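K.L.:
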Amino acid sequence: MPTNEPALIINAPVLVPSVKHQTILAAFDALPSGHAALLINDHDPKPLLYQLEAEYPGIFSVHYEESGPTRHAIRVTKN
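If you read the sequence shown in this note's numbering, its first letter stands for residue 773, the second for the next number, and so on.
(1) My understanding is that H852 touches P817, with C-beta atoms under 8 Å, so please give their C-beta distance in whole angstroms.
(2) Can you tell which of I812, S805, I796 and G806 has the C-alpha that lies nearest to the C-alpha of S839?
(3) Ignore the nearest five residues each way along the sequence and tell me which others in T849's own chain have a CB closer than 6 Å to its CB.
(4) Thinking just about the alpha-carbon of each residue, which of H793, A826 and Q823 is nearest to the one in P785?
(5) Which partner residues of T849 appear in the DSSP bridge assignment?
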């Protein structure tokens with residue numbers, strides 16, 4: 773059952789750069805419907821969010837909980 777708490781927290785800066793987007797997108801894809809992941813990053817991940825929308829159009833909603841300058845926290849919910 774979905775809750776207000778994220779089902780997953782992704783700390784992007786610790787991921788290997790060569791597979792970072794692939795790893796994060798796979799984690800989002802694995803979320804059950806109605807659940808959210810909290811993406812923590814050291815910069816605004818707009819390119820990743822554009823990629824998410826391109827690969828999964830209309831499936832996810834995005835809400836910035838914290839927006840910089842050195843930390844960004846984005847809740848990504850699978851609709």
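Backbone N, C-alpha and C define an ideal beta-carbon position, used for all residues, glycine too. On a predicted model such as this, the values are computed, not experimentally measured, just so you know.
P.N.:
Considering the structure as presented:
(1) Residue coverage of the chain in this structure runs from 773 to 851, which leaves residue 852 outside it and unanswerable.
(2) Stepping through the sequence shown from its first residue, residue 839 is reached at position 67. Restricting attention to I812, S805, I796 and G806, the CA atom closest to the CA of S839 is found in I812.
(3) The count along the sequence shown starts at 1 and reaches residue 849 at position 77. Here the set comprises A808 and S833.
(4) In the sequence shown, the residue the question calls residue 785 occupies position 13. For P785, the nearest C-alpha among the options comes from H793.
(5) Looking up residue 849 in the sequence shown gives position 77. In the DSSP output, where bridge partners are listed per residue, T849 has A808 and S833.
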